[in-house]
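Everything below concerns the one structure shown next.
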Amino acid sequence: MSNDDIASVLQETADLLELTGGNEYRARAFSRAARSLSGLDDAVADRLEAGTLVDINGIGDAMADHVADILHGGSFELRDELHSAVPPGLMDVMQVQGLGTKRTRRLWTELDVTSLDELEQAAEEDRITTLDGFGPKTQQNILDNLRQLRRYESKWRLADAWAATQSFLDRVQSLEGVDRAAITGALRRQRATVEQAEVLVATSKPEGVHDRLASHLDDPSQTDAGLAGHLAEGVPVQVHVAAPNRFGTAWWRTTGSSEHCTAVEDREGAPGDHKTEAALYRAVGLPVVPPVLREGQGEVEAGAADQLPSLLSTDDLD
DNA sequence: CACGTCCG
DNA sequence: AGCATGAA
DNA sequence: TTCATGCTATCGGACGTG
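Taking the working numbering, the leading residue of the first sequence gets 2, the next gets one more, and so forth.
Now the structure itself:
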C-alpha cells in the first residue's frame, strides 16, 4: 500500500463526506491529510512505526488512527459507513469532467441520478436544465464529457500498463520452464492506451508452466493460446505461450496489429515458424518493421521499397 | 457583473 | 479534524 | 501529561448562470 493509495482513500472519504452533505470542514481535513501524504518523501508505514505520523501537517491523533486502519485493512470505519450510504454508481458520475461533489449531489438528490447511464438519460431528455444553476451549456458539457469518459473506460494508459507488465515479467522470467518472456500486443506497439496487457512466453517444456504462471496472476483462466488473468495492479493480461522454435512467429503474430499481419501475409502468405522476428521478416523479403509502426498504415509497402522512416531513439538525445 | 463550482 | 493555549 | 476550550480551515483562474 503506497502513500498515494492511502491518500486516495482519504480523498475519497472527503468526497463521500461532501456527497452526503456532511460537515464541509471535516471533509477538508481529509483532503488536506490526503494531500500531505501524497507529497511525502518517506513511506507512511515507516512513519507510523516511528510514531512521527502526527508531525505531518494536517495529521493528528484521529487521522493517524485512520491511516493505521487503512494500512492494515484498506479502509476505516467512517469511510465504510459513508460508502454504504452512497449508490455505487455515483462515484462514476463524479468522474465526469465538470462534475464535483456539489453538482453530483444535486443531480442525485434532485434528479435521482445514481449512475452514468441515468446521467446520460437525464441529459438526453433535457431534464438537467430544469435544475437551478444548470444551463444548456452545462448540460451539453456533461453529455460530451460523459461520452469522452466512456471512450476510455476499460482503457489503461501506456505507462501504467507498461510498468505493471514489466514487474510481472521480472518475476516470470526466472520461472522454471520459461526460456523467455516478452511484452507483446498493443502494448509492444506502444499504443497510447491499451485495453489489456499481452505477454508472450517461450517454453520448451510446457508441462507445469501454465500453473506456475497462473500463480502470479489474479483470477487466472485457461484460454486457447495460453492463459488470461489480471496483474496485481488490476490490468487485464493475456499470456501467450509458444515453443522457442516459433517464438519469432508468435511474437510477430501477437504483436499485430491484425492489419499489419494481413498486409504482410498478402505478399507471401502466412509466414512459417521462425525463432526470431528478424528471420521472419527476412523470409518475407522485408526489413524488420519496428513495432510502433505496425499499424497497417502503409508500413509494409514502405518497407518493401526500403522507405521506412527512421525513428527517434534515446540515443538521439544529447 | 456577481456568484457558485470545478480544477489543478 | 487539527492546533494552540491554558488549566488540572 | 492529560484534558478542555475555542479558533481555524489553500487558492487563483476559468467557465457558465442568472
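Glycine included, each C-beta is placed from N, C-alpha and C at the ideal position.
In the structure shown, Pro221 falls within a strand segment according to DSSP collapsed to helix, strand and coil.
Arg247 and His275 do touch by the CB rule: their CB atoms are close to 7 Å apart, below 8 Å.
Arg128 and Gln239 have their C-alpha atoms some 43 Å from each other.
Val236 sits close to Ala198, with the two beta carbons spaced by under 8 Å. At least 8 Å separates the beta-carbon of Val195 from that of Ala182. Taking 8 Å as the cut-off, the beta carbon of Ala264 is found no closer than this to the beta carbon of Val289. Secondary structure note for His84: its alpha helix (DSSP H) is the uninterrupted segment 78 to 85. In the structure shown, the three-state DSSP call for Gly230 is strand. Residue pairing from DSSP leaves His73 without any beta-bridge partner. Collapsing the DSSP output to three states places Glu296 in coil.
Ranked by Cα distance from Leu214, the first of Glu19, Ser175, Val68 is Ser175.
Within its own chain, no residue has a Cβ closer than 6 Å to the Cβ of Thr110 once the five positions on either side in sequence are excluded. Inclusion of Leu79 and Leu120 in the CB contact set at 8 Å is not warranted, their separation being larger than that value. If you check the CB distance, Arg192 and Leu159 come in under 8 Å. About 13 Å separates the beta carbons of Leu281 and Gly304, which is beyond the 8 Å limit, so they are not a contact pair.
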